[in-house]
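Under our numbering, the residues of the sequence shown are numbered 530 to 855, in order. The block underneath contains the structure these notes are about, expressed in structure tokens.
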Amino acid sequence: MIKLRAFLKFIPSVFLLLSLFVLVSCGSKEEAKEGYDIYAVSKDETKVSVVDTVTITDVSENEAGDGTGKESTEYGVKVIASELKRQPEDVSMSAAISDKVKLTGYKIKADVLRLYFAPSYSELSKGREVLTRAAIVRSFCQLDGISQVEFYVGDMPLIGFNGVVTGAMSADQFIDNAGNEINAYEQTTISLYLTDETGSTLREIHRDCVYNSNISIDKLVVEEIIRGPENGEEKYLYPVVSPMTKVISVTTVDGTCYVNLDSGFLEKQGNVTPEVAIYSIVNSLVEQPNINKVQISVDGNSDIMFMETIPLTQVFERNLEIMSTQ
530 MIKLRAFLKF IPSVFLLLSL FVLVSCGSKE EAKEGYDIYA VSKDETKVSV
580 VDTVTITDVS ENEAGDGTGK ESTEYGVKVI ASELKRQPED VSMSAAISDK
630 VKLTGYKIKA DVLRLYFAPS YSELSKGREV LTRAAIVRSF CQLDGISQVE
680 FYVGDMPLIG FNGVVTGAMS ADQFIDNAGN EINAYEQTTI SLYLTDETGS
730 TLREIHRDCV YNSNISIDKL VVEEIIRGPE NGEEKYLYPV VSPMTKVISV
780 TTVDGTCYVN LDSGFLEKQG NVTPEVAIYS IVNSLVEQPN INKVQISVDG
830 NSDIMFMETI PLTQVFERNL EIMSTQ
């Protein structure tokens, strides 16, 4: 009898613990819900900014209609597309997808989202078109399962203002200084030197970039080297420095470019030789008309033997001997 009484006294405690567990679990799920930033273009065509954030709860209540809240890549695409059409509350901003930017369809293949626009897309001004692309790509690339976005006008791939197909674009292809905002854009083509599977030679590529005009071309070059191969370049090119490397500063004075990187630069990347890592940066920067020499430091210190082989105290010049002849 004593044991039975003790058991009966124990039951309420068990129910209390189970109730607390359920509450904590539900709270954790609520906190884990992901938000998606919605980007729009300023009416004066000078910047792209976040104008709203859509959460999974908002999605299930406003768009799904089934109340399940189940998230999928295709479902997310439909929701983001719907939000991109919505006129922002900020009267200085305009929706990225409008009557002129009419989205007629889409396809998802692997992690690439292909968007089809009506022919009127071609009527956009240069400024509006680039910023529209930035807003749309950044919005969609937040979705799980989408890392790149392709633009088609009618049934033809979008041609940029430089006459080259824009191809599959990632969010970080639209470089800025301020996280959620792109101001006064520029579009340019830069020369970069990456390596092949041997890690012992450099190969030249040309890359189209859209970037914030507050960023120097010199810094843009270094950031693109760190990003490594993209858009199919991975088939024959390999990164030369760790993608975890951070750019502290890039300053050019009297023809010498001073590059200051964090300690991520000291991490060896695959079978890449120290010479390839150094001259990938040097040869790429020297392609700029205002640069003929480069000095590299790590966390502000150049008194370092890079990979125990190359002293960073020296000033580097272009190295043609390390270039691939293929």
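Even glycine gets a Cβ: it sits at the ideal position worked out from N, Cα and C. The structure presented is a predicted model; accordingly, all values stated were derived computationally and were not measured.
Residue i to residue j span [Cα, whole Å]
i: V739; j: Q702; result: 7 Å
i: T727; j: I810; result: 18 Å
i: R847; j: L814; result: 9 Å
i: E837; j: T774; result: 18 Å
i: T717; j: D619; result: 30 Å
i: M622; j: A569; result: 6 Å
i: E603; j: L613; result: 15 Å
i: M856; j: K822; result: This structure gives no information on residue 856, because the portion of the chain shown stretches from 530 to 855.
i: Y787; j: Y765; result: 30 Å
i: F835; j: V801; result: 13 Å
i: E574; j: E715; result: 12 Å
i: K655; j: D581; result: 25 Å
i: Y635; j: S627; result: 16 Å
i: A625; j: E752; result: 27 Å
i: R756; j: V630; result: 30 Å
Expected contact under 8 Å - CB spacing of residue i and residue j to nearest Å
i: L632; j: A664; result: Between A664 and L632 the Cβ distance is about 13 Å, and since that is not below 8 Å, they are no contact.
i: I825; j: P803; result: Between P803 and I825 the Cβ distance is about 12 Å, and since that is not below 8 Å, they are no contact.
i: T781; j: D747; result: 5 Å
i: V805; j: L749; result: About 21 Å separates the two Cβ atoms, so there is no contact after all.
Which residues DSSP lists as bridging residue i, in chain order
i: G634; result: Y645
i: K686; result: In the sequence on display, residue 686 carries Pro and not Lys. Answer is Y681, bridged to P686.
i: P840; result: M834
i: V583; result: Y565
CB contact flag (residue i, residue j, <8 Å)
i: S745; j: E816; result: no
i: S771; j: N789; result: no
i: D640; j: G689; result: no
i: V769; j: S792; result: no
i: G696; j: N760; result: yes
8 Å Cβ shell around residue i - same chain, five flanking residues per side excluded
i: S831; result: Q824, I825, L841, T842
i: R667; result: D566, Y568, V577, A700, F703
i: I637; result: T602, E603, V606, R643, G674, I675
Same chain, Cβ closer than 7 Å to residue i, neighbours up to 5 away in sequence not counted
i: E862; result: Nothing about residue 862 can be reported from this structure: the residues present for the chain run from 530 to 855 only.
i: V682; result: F646, P648, Y650, S651
Cβ neighbours of residue i in the same chain (closer than 6 Å, five flanking residues each side left out)
i: D595; result: Any reading at D595 is ruled out, since the residue's pLDDT is 46, under 50, leaving its predicted position unreliable.
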